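Notes for the one structure printed next.
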Amino acid sequence: MLKVTIGQYYPADSFIHRLDARMKLLCTMIFVVVIFFIGNFLGYALAALYLVVVIRVSKVPPKFLLRGLRAILFIIVFTAVLNVFFTPGETLVFELGFVRVTQEGLLAAGRMGLRLVMLIIGSSILTLTTTPIQLTDAIESALKPFKKIGVPAHEIAMMMTIALRFIPTLIEEMDKIMKAQMARGADFDTGGIVKKARSLVPLLVPLFISAFRRAEELALAMESRCYRGDVGRTRMKQMKMALRDLGALISLAVFTGGLFILNHIANIHGIW
Amino acid sequence: MEIVVKIDEIVFEYGGQPSDDGENIETPPNVALDGVSIAINKGEFVAVLGHNGSGKSTLAKHINGLLQPKEGMVWVKGIPTSDEEKTWEIRQSVGMVFQNPDNQIIATIVEEDVAFGPENLGVPPAEIRVRVDEALEAVGMTKFAGNPPHQLSGGQKQRVAIAGILAMRPDIIVMDESTAMLDPIGRREVMAVAKRLNSEGITIILITHYMDEAAQADRVVVMNGGKVVMEGVPADIFTQIDELKEIGLDVPQAVEIAHKLRLGGIDLPKGIVTGNQLVEALTNVNRN
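Chains as they are written, first to last, in our numbering: chain A, 1060 to 1331; chain B, -19 to 268.
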C-alpha cells in the first residue's frame, strides 16, 4: 500500500510535544514577529541559541529541520541576492560595471537570510511537534475571536480536517488511475515538461469527477450524522492549558526581553 | 409489537431536469418510488432486496429524512419526517451506514470520527468519551482507536462507520448497501456486527442485493421498479424461485442447492435458506 504521511509530524514524547497546541501556535507567532525586529547580529546569535535549546528540548532530530530548509533554500538565496544588489549604501565593497556591492547591502542580505532561516525553523518546530488535528483545533480556537466580524472559524477548521482526511484517499486513487492508464499505454515519464504536463490531464479529469462525487456522498453522511455547522456543537477532546504552557510563554518572554536589551546595547555602541 | 418506522404510500421521482443537449425540453421524471408502504417493528431485522434501480436506496434515504416523498408519509417513532423541527431527532434515532466506506469517515483519526455524531448532538465531552469507547468496543475496533482511517481495510472502515452511528445511541440502523464494496471477509465482519447489534435490540434495515445476507434477516422486502413486489419471511420469499428470477434476482446458494437436490430426489425439509440450515438438513438425511 502507498505510504502517505500528512504534514510532517515527528512523533516523540517531549516537553514541546506535550504543550497545548494553542500555546505553541501563539509562541510561534510571537517568535516570528520578534525575529523581524532584531537589528543586529548579537540578537541573531541569541535567537539561534534559543532555537537550539528549543530543538534539543523537542527531541526532533535536526536533520528534519534542515530538510524543511532545503526545500526553500532557493527562495532564501534569491532574497539574499536581491538584498545585496538593491540595498542603497555608501560603503562600497566592490564595483563591476553597473553592479555595486555595498557593505550595507551585504549586511541586509545577511539579516534577511537569517530571518528567513529562523522563521522556517521556528514554524517547522510547530508542525513537527503538533499533530495536524491539534493544529486544526488550535487554528479554530485562534480564529474564534474573529467570528464576530464574520470569519468562519469552525468551517475553516472543518475544511482543513476534511482535506487532511482525503489527501491519502485521493493520492491512492490517483495512483490507481495512473496504473490503469499505464496499463493501456499511457506514458507519464518521458518527454519535456509540456508533454509531461499534458499527460496529466487525463489523470486529473477522472480524479476531479471522483472528488466531487465523494464530496456529495460525504455531505450526505455528515447530514445523516446530524452535522449542522457550529450550532450547539461540543468536542470530545477539550484543550487544557497546563503549567508547562505558562512556562513556555515565560521562556519566550525572557528571550524577547533579552533581545530588546541587546538591541538597546547594540544601538548605543553601534554594533551591526 | 411497536412499529418504529411506518412508510405509507410514498412516491418519489428524480429528474425533470433539462436534457443534455441544452434545449429546454424537460426529460420525463424518473419514478424511483411508486407507492411504497412498509411497517417495521421494533427490534426487527429487515432486508430490502432489489437489483440496481429498483428504488431500494431511494427508500433508505427517506427513512432519515434525507429525501422527502412527493406523496405519502414516513413516520419514525411516530414523528413524521416532514417535521423540519424534528429532523435532528429523527437522524439521531435513525443511523445511516452508506455504501462507500471512504466517503463517510470525516475525521483523520478513528476515535475522532466516532465522536463526530455525538459532538454534533452537543453531548458533554466526558459522556462522548464513554460513548466512543463503548461504540468501538461493540464493533471490535478498540485497538484501532488512534489509527488514521486510510490504514484500515474496507470492512474495518465500515465497522468504524457503524461505531460512529452507535455513539449517537440510535434505535434503528439503516445499512444502505453497506457491504456492496467489501470483500467476502469484510462483508462477513459487517454482517456479524449487524446481527449482534440486532440481538441487543437495535432495529436493522439492511438494503442489499446479496441474497445470502437477506436470507439471515427476519423479514425480506423485495422491490422492483419502485414497488414492493414481495414481502415475507426468507423461507417464504426464497422458495418462489421463478418469481425472483423473473425480476432479475437470484436465490441464495443454499436455496438453489436444496432446490436441485429435491429435484434429484433427495427429501429435504422446506424452508432452507441459509448454508447452516442446509448442512443440518443434509446431516439428518445421512443419518436416516
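The beta carbon of each residue, even a glycine, is placed where N, CA and C say it ideally should be. Keep in mind it's a predicted model, so treat the numbers as computed, not measured.
### Task
Would you list, in chain order, the members of the stretch 38 to 53 of chain B that have their beta-carbon closer than 7 Å to a beta-carbon of chain A?
N44 and L46
#### Entry: Contacts around W55 of chain B, its chain only, beta-carbon distance under 6 Å, and the 5 residues preceding and following it disregarded
As a first step, residue 55 of chain B must be located in the second sequence, where it is residue number 75. Cβ within range, chain order: K(-14).
### Query
Listing by chain order, which chain B residues have their CB less than 7 Å from the CB of G1291 of chain A?
Counted from its first residue, the first sequence places residue 1291 of chain A at position 232. What G1291 of chain A touches in chain B: G102.
### Query
I think L1266 of chain A touches L1229 of chain A, with their Cβ atoms under 8 Å apart; what is that distance to the nearest whole Å?
For the purposes of this step, residue 1266 of chain A is taken as residue 207 along the first sequence, with counting starting at 1. For the purposes of this step, residue 1229 of chain A is taken as residue 170 along the first sequence, with counting starting at 1. Sure, about 7 Å apart at Cβ, within 8 Å.
### Query
Taking Cβ to Cβ, would you say V173 of chain B is nearer than 7 Å to I142 of chain B?
Counting from 1 along the second sequence, the entry for residue 173 of chain B is found at position 193. Counting from 1 along the second sequence, the entry for residue 142 of chain B is found at position 162. Contact flag set, yes.
### Query
By Cβ distance, which residues of its chain are closer than 8 Å to D1072 of chain A, with the 5 residues on each side in sequence left out?
Along the first sequence, read from residue 1 onward, the residue named residue 1072 of chain A stands at position 13. Closer than 8 Å at the Cβ level, and outside the excluded window around D1072 of chain A, lie K1118.
### Chain-ordered chain A contacts of Q138 of chain B [CB-CB under 8 Å]
Position 158 of the second sequence, counted from the first residue, corresponds to residue 138 of chain B. Simply none; closest approach about 12 Å.
#### Entry: Beta-carbon proximity list for N256 of chain B, same chain, < 8 Å, skipping 5 on both sides
As a working note, residue 256 of chain B is residue 276 in the second sequence. The answer is none, since no qualifying residue turns up.
### Query
Between L248 of chain B and A234 of chain B, which are expected to be in contact by the criterion C-beta below 8 Å, what is the C-beta distance as a whole number of angstroms?
Sequence index remark: in the second sequence, residue 248 of chain B carries index 268 (1-based). Sequence index remark: in the second sequence, residue 234 of chain B carries index 254 (1-based). Between A234 of chain B and L248 of chain B the Cβ distance is about 10 Å, and since that is not below 8 Å, they are no contact.
#### Entry: Coil, strand or helix - R1159 of chain A by DSSP
The residue you call residue 1159 of chain A lines up with position 100 of the first sequence. In this structure, R1159 of chain A counts as strand in the three-state DSSP scheme.
### Task
Identify whether V1063 of chain A lies in helix, strand or coil by the three-state DSSP scheme.
On the first sequence, position 4 is the one that residue 1063 of chain A refers to. Residue confidence for V1063 of chain A is low, a pLDDT of 44 falling below 50, so the modelled location carries little weight; the figure read from the coordinates is stated next. Here V1063 of chain A sits in coil by DSSP.
### Task
Please list, in chain order, all residues of the same chain as M1060 of chain A whose beta carbon is under 7 Å from its beta carbon, the five residues on each side excluded.
On the first sequence, residue 1060 of chain A is found 1 positions in, with the first residue counted as 1. Caution is warranted here: a pLDDT of 36 is assigned to M1060 of chain A, below 50, making its placement in the model unreliable, and the coordinate value is therefore given only provisionally. If we look at M1060 of chain A and ignore the five residues flanking it on each side, it has no Cβ neighbours.
### Alpha-carbon spacing of A44 of chain B relative to D63 of chain B, whole angstroms
In the second sequence, residue 44 of chain B corresponds to position 64, counting from 1. In the second sequence, residue 63 of chain B corresponds to position 83, counting from 1. The residue you asked about is not Ala; residue 44 of chain B is Asn in the sequence shown. Cα to Cα, N44 of chain B sits roughly 11 Å from D63 of chain B.
### Message
Can you confirm whether Y(-6) of chain B, when its beta carbon is compared against all beta carbons of chain A, has any partner nearer than 7 Å?
### Response
Stepping through the second sequence from its first residue, residue -6 of chain B is reached at position 14. No, its Cβ sits nowhere closer than 7 Å to a Cβ of chain A.
### Task
Express the C-alpha separation of T61 of chain B and A19 of chain B in angstroms, rounding to a whole number.
For the purposes of this step, residue 19 of chain B is taken as the residue at position 39 of the second sequence. For the purposes of this step, residue 61 of chain B is taken as the residue at position 81 of the second sequence. Straight-line Cα distance between these residues: approximately 15 Å.
### Query
G144 of chain B versus chain A: which residues are under 7 Å apart at the beta carbon?
By 1-based counting over the second sequence, the position of residue 144 of chain B is 164. Chain A residues near G144 of chain B: R1284.
### Task
Please confirm if the stretch 1175 to 1182 of chain A is in contact with the stretch 1093 to 1107 of chain A, defined as three or more CB-CB distances below 8 Å between the two stretches.
yes
#### Entry: is_contact[F78 of chain B, chain A] using C-beta, thresh 7 Å
Against the second sequence, residue 78 of chain B aligns to sequence position 98. Yes, contact with chain A.
### Message
Between which two residues does the beta strand (DSSP E) holding M1233 of chain A run?
### Response
Against the first sequence, residue 1233 of chain A aligns to sequence position 174. Taken as a continuous stretch (DSSP letters only), M1233 of chain A belongs to no beta strand (DSSP E), being part of the alpha helix (DSSP H) at A1212 to A1242.
### Query
So what's P249 of chain B in DSSP terms, helix, strand or just coil?
As a first step, residue 249 of chain B is located in the second sequence; it is residue number 269 there, counting from the start. Residue state, collapsed to three classes: coil.
### Query
Rounded to a whole number of angstroms, what is the C-alpha to C-alpha distance between A1301 of chain A and I1075 of chain A?
For this step, residue 1301 of chain A is matched to residue 242 along the first sequence. For this step, residue 1075 of chain A is matched to residue 16 along the first sequence. Looking at the two C-alpha atoms, the distance is approximately 12 Å.
### Task
Give me the Cα-Cα distance between M1233 of chain A and I1226 of chain A, rounded to the nearest whole angstrom.
Numbered from 1 along the first sequence, position 174 holds the residue referred to as residue 1233 of chain A. Numbered from 1 along the first sequence, position 167 holds the residue referred to as residue 1226 of chain A. Each residue's alpha carbon lies about 10 Å from the other.
### Message
For a contact defined as C-beta to C-beta under 9 Å, what are the partners of M148 of chain B on chain A?
### Response
Numbered from 1 along the second sequence, position 168 holds the residue referred to as residue 148 of chain B. What M148 of chain B touches in chain A: R1284 and C1285.
### Message
Am I right that V170 of chain B and L177 of chain B are in contact with their C-beta atoms under 8 Å? What's the rounded C-beta distance?
### Response
On the second sequence, residue 170 of chain B is found 190 positions in, with the first residue counted as 1. On the second sequence, residue 177 of chain B is found 197 positions in, with the first residue counted as 1. Going by Cβ atoms, the distance from V170 of chain B to L177 of chain B rounds to 11 Å, so no, they are not a contact pair.
### Query
Between the beta-carbon of E211 of chain B and the beta-carbon of V201 of chain B, is there less than 7 Å?
To locate residue 211 of chain B, count along the second sequence from 1; it is residue 231. To locate residue 201 of chain B, count along the second sequence from 1; it is residue 221. Contact: yes.
### Query
Is M203 of chain B closer than 7 Å to S34 of chain B when the C-beta atoms are compared?
Mapped onto the second sequence, residue 34 of chain B falls at position 54. Mapped onto the second sequence, residue 203 of chain B falls at position 223. Yes, these two residues count as a Cβ contact at 7 Å.
### Query
Checking contacts by CB at 7 Å: is E1199 of chain A closer than that to chain B?
In the first sequence, counting from the first residue as 1, residue 1199 of chain A sits at position 140. E1199 of chain A does not count as touching chain B.
### Task
Taking I152 of chain B as part of the beta strand (DSSP E), name the residues at either end of that continuous run.
Residue numbering aside, residue 152 of chain B sits at position 172 when the second sequence is read from its first letter. It spans I152 to D156 - the beta strand (DSSP E) in which I152 of chain B sits, taken as one unbroken run.
### Counted within 10 angstroms of its Cβ, other Cβ atoms place G291 of chain B as buried (16 or more) or exposed
No answer is possible for residue 291 of chain B: it lies beyond the span of chain B, which begins at -19 and ends at 268.
### Query
Using a C-beta cutoff of 7 Å, does N178 of chain B count as contacting chain A?
Here residue 178 of chain B refers to the residue found at position 198 when the second sequence is read from its first residue. Not an interface residue.
### Query
Given that V112 of chain B touches chain A, what residues does it touch there, using C-beta distances under 9 Å?
Mapped onto the second sequence, residue 112 of chain B falls at position 132. Residues of chain A passing the Cβ test: M1295.
#### Entry: Nearest to G1291 of chain A (by Cα), restricted to the options B:L101, B:H130 and B:M(-19)
Here residue 1291 of chain A refers to the residue found at position 232 when the first sequence is read from its first residue. Minimum Cα distance to G1291 of chain A is reached at B:L101.
### Query
Name the chain A residues whose beta carbon is nearer than 8 Å to that of T61 of chain B?
Residue 61 of chain B sits at position 81 when you count from the first residue of the second sequence. Residues of chain A passing the Cβ test: none, with the nearest at roughly 13 Å.
### Task
Tell me, please, whether the CB atom of P105 of chain B is closer than 7 Å to any CB atom in chain A?
Residue numbering aside, residue 105 of chain B sits at position 125 when the second sequence is read from its first letter. So, interface residue.
### Message
For T1064 of chain A, would you say it is in contact with chain B, using Cβ-to-Cβ distances shorter than 7 Å as the test?
### Response
Mapped onto the first sequence, residue 1064 of chain A falls at position 5. Bear in mind that a pLDDT of 48 at T1064 of chain A, under 50, signals an unreliable position, so the number given afterwards is only what the model happens to contain. With 7 Å as the cut-off, T1064 of chain A does not count as an interface residue toward chain B.
### Task
Assign K250 of chain B to buried or exposed, taking buried as 16 or more other Cβ atoms, counted over all protein chains shown, within 10 Å of its Cβ.
Translated into the one-based positions of the second sequence, residue 250 of chain B becomes position 270. Flag for K250 of chain B reads exposed.
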